[in-house]
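**Q** Can you keep this structure in mind? I'll have questions shortly.
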Amino acid sequence: MSEQDKYKQIFEANNSWIEKNKVDNPGLFKLLAADQNPDFLYIGCSDSRVHPNQVMGLKPGEVFIHRNIANMVISTDLSALSVINYGVEYLKVKYIIVCGHYGCGGIHAAMEKSDYGILNPWLRSIRDVYHMYRKELNAIEDTEARHRRLVELNTYEQCRNIIKMGEIQKSYYETGFPKVAGWIFDIEDARLHDLNFDLEYELNKIKDIYDITGNAE
Ligand code: CO
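Here you go:
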C-alpha cells in the first residue's frame with residue numbers, strides 16, 4: 005500500500021470506528037462532547053507500540069494522557085507539568101500512572117556514548133538516573149538486563165519527581181489523591197507490571213527537603 009493510500013485509509017477507518025461505536029457504545033460521543041471526567045492520568049513514552057487506551061482497555065474519556073520520549077517528568081518541562089497540574093487541579097484524577105516500557109529507544113540512546121544533537125539535554129535527564137544508580141547498573145553484565153533495570157529505575161524516579169510537585173503534595177494531604185503508580189509495559193508479551201510505588205513511604209522519605217506545603221510535620 006502506498007503512503008498516500010495509508011493516509012486515506014485513516015479517514016475510512018475513522019468512519020468505521022464511528023459506526024461501530026454507535027452500536028457498541030451508544031451515546032458515547034454525546035457524553036464526551038459535553039465534558040471529560042477521567043480518573044486516570046497516564047504519562048508514558050511516545051513509542052508507537054505502546055498505546056495507553058489499548059494497553060489498559062480504556063475507552064475515550066477514561067484516561068488523560070501525556071507522552072514524551074522515555075516518559076519523563078522533568079521539573080522545567082512546562083508541557084508535562086501543565087498536564088499534571090490540569091489533571092490534578094481541574095480534572096481531579098485519582099491516579100497518576102507513569103508507564104515505562106522495556107525496549108525503550110530513549111533509554112537505549114541514553115545508555116550509548118553518542119551525540120544525539122538536540123536530544124542530548126533530554127537524554128541527560130535519563131543519564132542522570134543512570135548516574136544515581138550506576139553502582140547497581142554497572143554490576144549487571146548483560147546489556148539487555150541492564151537496559152531493563154534502567155527502564156524500571158527511570159520510571160520509579162519519575163514517580164518520585166511527581167511527588168516533589170507542590171500541587172500533588174497539597175492535593176494528597178487534603179484528599180488522599182492522587183495516588184501515584186509506576187508501571188512497566190513489557191513489549192514482548194504486552195503485559196503490564198506494577199513497580200508498587202509507595203507514595204506515603206516515598207513522601208515521608210523526601211519531605212524534609214521537598215515539602216513545599218508546610219503540611220508535613
Ligand atoms: Co520508549
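In the numbering used here, the protein residues as written are 5 to 221.
Every residue gets a Cβ at the ideal spot worked out from N, C-alpha and C, and that includes glycine.
Computed from a prediction, not measured in an experiment: that's the story for all the values here.
(1) The ligand CO heavy atoms versus the CB of Cys-49: any closer than 6 angstroms?
(2) Are there 16 or more other CB atoms within 10 angstroms of the CB of Ser-129, so buried, or fewer, so exposed?
(3) Would you grab the beta carbon distance between Ile-47 and Val-77 for me? Rounded to a whole angstrom, and I think it's under 8 angstroms.
(4) When the Cα atoms are used, what is the spatial distance from Tyr-106 to Gly-170?
(5) Can you list, in chain order, the residues of its chain with a C-beta nearer than 7 angstroms to that of Gly-186? Leave out the 5 residues immediately preceding and following it.
(6) Quick one: what's Trp-126 bridged to in DSSP?
(7) Expressed to the nearest angstrom, what Euclidean distance is found between the alpha-carbon atoms of Val-54 and Val-155?
(8) Please confirm whether Ala-114 and Leu-123 have their CB atoms less than 7 angstroms apart.
(9) For Ile-210, write down the residues that DSSP places opposite it in a beta bridge.
(10) Nearest CA to the CA of Asn-165: which residue from Ser-79, Gly-65, Ser-83?
(11) Three-state secondary structure (DSSP) at Asn-41?
(12) Who does Lys-183 pair with in a DSSP beta bridge?
(13) Cys-103: beta carbon under 6 angstroms from a heavy atom of the ligand CO?
(14) Indicate, with yes or no, if the ligand CO has a heavy atom lying under 6 angstroms from the CB of Gly-110.
(15) Taking only runs of the alpha helix (DSSP H) that begin and end inside the segment 15-85, which ones reach a length of at least 4 residues, in chain order?
(16) Spatial neighbours of Tyr-120 within its chain, please: C-beta separation below 8 angstroms, excluding the five flanking residues on both sides.
(17) Count the other CB atoms, across all protein chains shown, that sit within 10 Å of the CB of Asp-51; report buried if there are 16 or more and exposed otherwise.
(18) Return helix, strand or coil for Asp-193, following the three-state DSSP convention.
(19) State whether the segment 172-188 contacts the segment 87-95, with contact taken as three or more CB pairs (one from each stretch) at a distance under 8 angstroms.
**A** Working from what's here:
(1) yes
(2) buried
(3) Sure, about 6 angstroms apart at Cβ, within 8 angstroms.
(4) Each residue's alpha carbon lies about 30 angstroms from the other.
(5) Taken in chain order, the residues that qualify are Val-102, Thr-159, Tyr-160, Cys-163, Leu-199, Phe-201.
(6) Answer is none; Trp-126 lacks a bridge partner.
(7) 14 angstroms
(8) no
(9) Within the DSSP secondary-structure output, Ile-210 pairs in no beta bridge.
(10) Ranked by how close their Cα comes to the Cα of Asn-165, the residues Ser-79, Gly-65, Ser-83 have Ser-79 in first place.
(11) In this structure, Asn-41 counts as coil in the three-state DSSP scheme.
(12) Tyr-99
(13) no
(14) Taking 6 angstroms as the cut-off, one finds at least one heavy atom of the ligand CO near enough to the beta carbon of Gly-110.
(15) 32-38, 56-60
(16) The answer, listed in chain order, is Ala-113, Leu-127.
(17) By the neighbour-count rule (16 or more Cβ atoms within 10 Å), Asp-51 is buried.
(18) It is coil, neither helix nor strand.
(19) Counting Cβ pairs under 8 angstroms, three or more are found: they touch.
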